[in-house]
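Visitor:
Number of protein chains: 2
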Amino acid sequence: MNNNAFRNLSYGVYIISTWDGERPTGCTANSAMQITSSPATIAISINHDNYTNQCIEKSGRFAISILAEDSDPSIIGTFGFQTGKDVNKFDSVAYEVRGEMPVVKEGCAYVTCEVINKMETDTHTVFLGKVVDADVLSAGVPMTYAYYHKVVKGKSPKNAPTYIAEEPKEETKEEAKSIKYVCSVCGYVYDGDIPFEELPDDYKCPICKKPKAVFVKKEV
Amino acid sequence: MNNNAFRNLSYGVYIISTWDGERPTGCTANSAMQITSSPATIAISINHDNYTNQCIEKSGRFAISILAEDSDPSIIGTFGFQTGKDVNKFDSVAYEVRGEMPVVKEGCAYVTCEVINKMETDTHTVFLGKVVDADVLSAGVPMTYAYYHKVVKGKSPKNAPTYIAEEPKEETKEEAKSIKYVCSVCGYVYDGDIPFEELPDDYKCPICKKPKAVFVKKEV
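Protein chains in written order, with full-length UniProt numbering: chain P, 1 to 220; chain R, 1 to 220.
The structure is reproduced here in structure tokens:
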């Protein structure tokens, strides 16, 4: 069995949000798919360890904000690499309430759902949601997971269904054994024109917004 | 509610296959997503009216062949616009048996699964499969559903979860009111350099392989 085959499945990049009481919360996800067209239903998969999971369970509702290629990639890190239990992720990400749900303003579209069924697995809950509201917010091109990995150079957190523990090195002759600076929090690999050492002290990881100090030197 | 928002969800293009007794059968699908990473499970959504649904139900197994951008688009039509009840779809599409399942040779990767759970909706079954075998078959770029629509100019059959009855016209000034030839079986819009009338009599739709005669003149 070659787990790399799973990498060929195509996904988008979404923020799954809901209410934690009066407070909005959410997490980054790549797994959302339409299940039926009439009435429209959509399934999402959320790790049991994600705080969002229990909040969806309690509120019975969720929203899917669809990120675009031109959405600020730091949104992915804000929602993907910290827990909504401790942090109000929406403090730093603009949102509006649509269909009574918090929706990321920078997304190109959103869908809000009411949970009508679910399927449990060892680590994730598949929530089936009946669509309550949906709209297009901009003409942006939806970001695919492949685009996130190739262009934004993002990584998957450990709770993602698509996480593979040992990511294979994709070496070319030119890149072999080159030294890169990697964010120790989210795995982002710095690839800018300015040498990493010369970046200003207030440089922050574009994905998870952690400071320059969390970057580590690695042979990639 | 604006149903067009759903079009911003990203998908791949897959052939979901299984055994109909001794015979391989399958259908085209865009909805497949990894649910857990350890043990690896993948969910697919199949319309009740698809013959493949009852065959998966009986055999308890399915395979996902992931199509690539350079896969022959006629495979999509062969599996998407006719029923496996009447036709042996694999008669015209090369396959090999991997992980005891029929897998499309032209795919860039495959995953075979054993059904371990399912969730019913009014029109579709969401099958949860535990991965039995998986491999990468070629270095091809996985075809996204967006690529299929924009580049291959394919349409969705009525059984697809993502089917929207009235597809909005995407008109630009240049294209407005132009006459096009459209395949009445699968919806493929002919867009070649040779005027449609001058195509040879044995021209076949590149998606569903139906003859030139099924094309109809339309204002698009």
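Just so you know, even glycine gets a beta-carbon here, dropped at the ideal spot from N, CA and C.
(1) Starting from residue 184 of chain P, find everything on chain B with Cβ-Cβ shorter than 9 Å and list it in chain order.
(2) Within 10 angstroms of its Cβ, does residue 211 of chain P collect 16 or more other Cβ (buried), or is it exposed?
(3) Where are the alpha helix (DSSP H) runs, 4 residues long or more, that stay fully inside the stretch 71-159 of chain R, in chain order?
(4) Of all the options R:135, R:161 and R:43, which has the alpha carbon lying nearest to the alpha carbon of residue 145 of chain R?
(5) I need the boundaries of the beta strand (DSSP E) containing residue 28 of chain P, first residue and last residue.
(6) Residue 53 of chain P to residue 47 of chain P, Cα distance in whole Å?
(7) Flag this pair as touching only if the stretch 70-87 of chain P and the stretch 116-136 of chain P have three or more C-beta atom pairs under 8 Å; answer yes or no.
(8) In whole angstroms, give me the CA-to-CA distance for residue 179 of chain P and residue 186 of chain P.
(9) Assuming residue 143 of chain P and residue 12 of chain P make a contact with CB atoms under 8 Å, what is their CB distance in whole Å?
(10) Decide if residue 20 of chain P is buried, meaning its Cβ has at least 16 other Cβ atoms within 10 Å, or exposed.
(11) Under the three-state reduction of DSSP, which class applies to residue 50 of chain R: helix, strand or coil?
(12) Could you please give the first and the last residue of the uninterrupted beta strand (DSSP E) stretch that includes residue 222 of chain R?
(13) Run through chain P and tell me which residues come within less than 9 Å of residue 12 of chain R, C-beta to C-beta.
(14) Using a 10 Å radius around the Cβ and a threshold of 16 neighbouring Cβ atoms, would you call residue 89 of chain P buried or exposed?
(15) Which same chain residues, not among the five before or five after residue 123 of chain P, have their C-beta less than 7 Å away from its C-beta?
(16) CB of residue 29 of chain R to nearest heavy atom of the ligand ATP: below 7 Å?
(17) Spell out whether any CB of chain R is found under 8 Å from the CB atom of residue 101 of chain P.
(18) Provide the residue span of the beta strand (DSSP E) that contains residue 208 of chain R, from first to last.
(19) Could you tell me the distance, in whole angstroms, from the CA atom of residue 132 of chain P to the CA atom of residue 10 of chain R?
(20) Which value, in whole angstroms, describes the spacing of the CA atoms of residue 75 of chain P and residue 67 of chain P?
(21) Run through DSSP, which three-state label would residue 168 of chain R get?
Guide: Looking at the coordinates:
(1) Looking at the structure shown, chain B is missing, and the protein chains on hand are P and R.
(2) exposed
(3) 74-80 and 145-150
(4) R:161
(5) 23-29
(6) 7 Å
(7) no
(8) 18 Å
(9) 7 Å
(10) buried
(11) coil
(12) It is not possible to answer for residue 222 of chain R, since the shown part of chain R is limited to 1 through 220.
(13) 8, 9, 10 and 11
(14) buried
(15) 47 and 48
(16) Judged by which ligands are present, the structure shown has none, so any question about the ligand ATP falls away.
(17) no
(18) Premise fails: residue 208 of chain R is in no beta strand (DSSP E) and is neither H nor E.
(19) 20 Å
(20) 9 Å
(21) Because the pLDDT at residue 168 of chain R is just 44, under 50, the model does not fix this residue reliably, and the value given afterwards should be weighed accordingly. Looking at residue 168 of chain R - three-state DSSP - the assignment turns out to be coil, as it is neither helix nor strand.
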